[in-house]
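Counting in UniProt numbering, the sequence shown runs from 1 upward without gaps.
Idealized CB from N, CA, C, for every residue including glycine.
Report on the following structure.
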Amino acid sequence: MNFILYIRSIILHFPAWRVTPDQRHHRLKEFVMRPDDSREGQEPRYARLGYVAINVSDLDRSADFYEQLWGLQPNGGIDDQLRFFRCSANHHDFILAKGEPGLKRIGWQMESEADIDRIADRLRRHGHATIEVDPAETALLRQGRSVRFADPYTGATHEYFASIEQEKDAWSPTLANIQRIGHLVLKTPRFHEAVNFYNNVLNFPTSDRIGDVVNFMRCFPNPLHHSIGLSNSESNGLHHVNFMVSEIDDIGRALWRFRKNDVPIVRGPGRHPPSGSVFLYVLDPNGITIEYSYGMEEFPEGNARDHRVLPAVPESIDYWGAPTDKRLGKIGIVESLV
Ligand SMILES: CC(C)c1ccc(C(=O)O)c(O)c1O
Ligand SMILES: [Fe+2]
């Protein structure tokens, strides 16, 4: 097997609501009107990765896991279809839906309603259809106006919203001081096209990359080293979802909690050179890879350092040299936008 393929196989184990009456009846809006030039040229600005929705085969089993072993706070749901979880003041940071295990949707919280228009206008200018989410659905999601599009390079459904219901009671950590949902990594065989699109259309600047194998991106101007990553793989897929914790002891406690409860640990603890984070990867009940991480470099909005190109070697993933279980990043389809 040639050297690059060999290294790549070691490193990654990756095989890659304000609806006007006339809009009410348009679910899929392919805007033919000239985009509003007053917004042209203004970059869409992201507040944060708002939420990740995943599909699971058994809602009750996974809901129990994410509450009782992962430490998210349940926040209701919709019959036997959806379960909401939070780790912030937002109504949800993580959603479980019934379906084929994998990624359902990525929710991006924008800085303003105008930023929803900016990203939607930009997508349409680049020939991508956008969908105004039905007010009945945004009401169920406790979100304001939301717009979706299907990313052709990874298959992922991206959703943009600016407002989401704020819970009266503060997020109260139980098992781990989960700070926030951190990032997700998507696998794609259209890696270079995806990187280009994410960098130049979605306004996701690269913070660092490991050769042409993994690319770590910020959702600008959110300062976190990465809110999304792309990995060069043979097929589309969800590699993992990350949650950031507040103390190194959250990692240590988790290590023993997972061992005592037979939760498969597939990598770590270790420490990532790109973001500097201490990490621990495990498998959820469907075998989807999830990650706790502690400590992550943050970038300033202006005068940010250039991205680094780390060599495609195992040491670029983990300073500590933790072994990798081959199940890491293997389970998780990407649901296409219906
Ligand atoms: C191995 C994966 C793709 C990886 C590599 C580096 C970081 C980091 O620097 O934080 C991650 O979070 C990862 O998931
Ligand atoms: Fe990660």
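Which of helix, strand or coil DSSP assigns to residue i
i, result
"residue 316", "helix"
"residue 237", "strand"
"residue 23", "Only weak support exists for where residue 23 lies, its pLDDT of 40 falling under 50; the coordinates are left without a value."
"residue 195", "helix"
"residue 16", "Its pLDDT being 39, under 50, residue 16 is placed unreliably by the model, and the measurement read from it follows with that caveat. Note: residue 16 maps to coil in three-state DSSP."
"residue 88", "coil"
"residue 73", "strand"
"residue 298", "strand"
"residue 36", "Its pLDDT being 42, under 50, residue 36 is placed unreliably by the model, and the measurement read from it follows with that caveat. It is coil, neither helix nor strand."
"residue 258", "helix"
"residue 28", "Low confidence applies here, because residue 28 scores a pLDDT of 36, under 50, leaving its location unreliable and the question unanswered by this model."
"residue 271", "strand"
"residue 293", "strand"
"residue 280", "strand"
"residue 47", "strand"
"residue 208", "strand"
Paired residues, beta bridge with residue i - DSSP
i, result
"residue 288", "331"
"residue 158", "106 and 149"
"residue 132", "147"
"residue 229", "185 and 216"
"residue 53", "95 and 105"
"residue 222", "Note: residue 222 sits in no beta bridge, so no partner."
"residue 138", "Partner(s): none; residue 138 has no beta bridge."
"residue 245", "178 and 294"
"residue 169", "In the DSSP output, where bridge partners are listed per residue, residue 169 has none listed."
"residue 309", "209"
"residue 83", "77 and 96"
"residue 381", "Because the chain here runs from 1 to 338, residue 381 falls outside it and cannot be looked at."
Cα-Cα separation, residue i to residue j
i, j, result
"residue 229", "residue 105", "15 Å"
"residue 65", "residue 180", "18 Å"
"residue 244", "residue 49", "12 Å"
"residue 249", "residue 130", "43 Å"
"residue 309", "residue 103", "28 Å"
"residue 247", "residue 294", "6 Å"
"residue 82", "residue 57", "12 Å"
"residue 108", "residue 321", "33 Å"
"residue 258", "residue 265", "7 Å"
"residue 296", "residue 253", "19 Å"
"residue 23", "residue 318", "The predicted position of residue 23 is uncertain, since its pLDDT is 40 and thus under 50; a value taken from the coordinates is nonetheless stated next. Approximately 50 Å between the Cα atoms of the pair."
"residue 101", "residue 150", "18 Å"
"residue 145", "residue 161", "6 Å"
"residue 385", "residue 63", "Given a span of 1 to 338 for the chain in the structure shown, any question on residue 385 remains unanswerable."
"residue 166", "residue 88", "9 Å"
"residue 273", "residue 216", "12 Å"
"residue 152", "residue 116", "19 Å"
"residue 136", "residue 55", "21 Å"
"residue 269", "residue 233", "24 Å"
"residue 97", "residue 168", "25 Å"
"residue 120", "residue 177", "35 Å"
"residue 33", "residue 157", "A caution first: residue 33 carries a pLDDT of 34, below 50, which makes its placement in the model unreliable, though a value can still be read off. Cα to Cα, residue 33 sits roughly 24 Å from residue 157."
"residue 324", "residue 70", "21 Å"
"residue 42", "residue 118", "7 Å"
"residue 206", "residue 330", "24 Å"
"residue 86", "residue 159", "18 Å"
"residue 77", "residue 67", "14 Å"
"residue 214", "residue 171", "33 Å"
"residue 305", "residue 298", "11 Å"
"residue 241", "residue 183", "6 Å"
Anticipated Cβ contact below 8 Å, residue i with residue j, distance rounded
i, j, result
"residue 290", "residue 282", "6 Å"
"residue 210", "residue 312", "6 Å"
"residue 337", "residue 142", "No, residue 337 and residue 142 are not in contact; Cβ-Cβ is about 21 Å, not under 8 Å."
"residue 195", "residue 239", "15 Å between Cβ atoms; not a contact."
"residue 44", "residue 203", "5 Å"
"residue 47", "residue 113", "Not confirmed; about 12 Å, so no contact."
"residue 99", "residue 335", "6 Å"
Closer than 7 Å: residue i CB and nearest ligand 1 heavy atom
i, result
"residue 240", "yes"
"residue 272", "yes"
"residue 291", "yes"
"residue 279", "yes"
"residue 332", "no"
"residue 317", "yes"
"residue 133", "no"
"residue 195", "no"
"residue 229", "yes"
"residue 246", "no"
"residue 358", "A query on residue 358 cannot be resolved here, the shown segment of the chain reaching from 1 to 338 and no further."
"residue 233", "no"
"residue 57", "no"
"residue 275", "yes"
heavy atom of ligand 2 below 7 Å from residue i C-beta
i, result
"residue 185", "yes"
Neighbour flag for residue i against chain B, beta carbons, 8 Å
i, result
"residue 237", "The structure shown contains no chain B; it holds only a single protein chain."
Any non-hydrogen atom of ligand 4 within 7 Å of residue i CB
i, result
"residue 214", "Judged by which ligands are present, ligand 4 is missing from the structure shown, whose ligands are ligand 1 and ligand 2."
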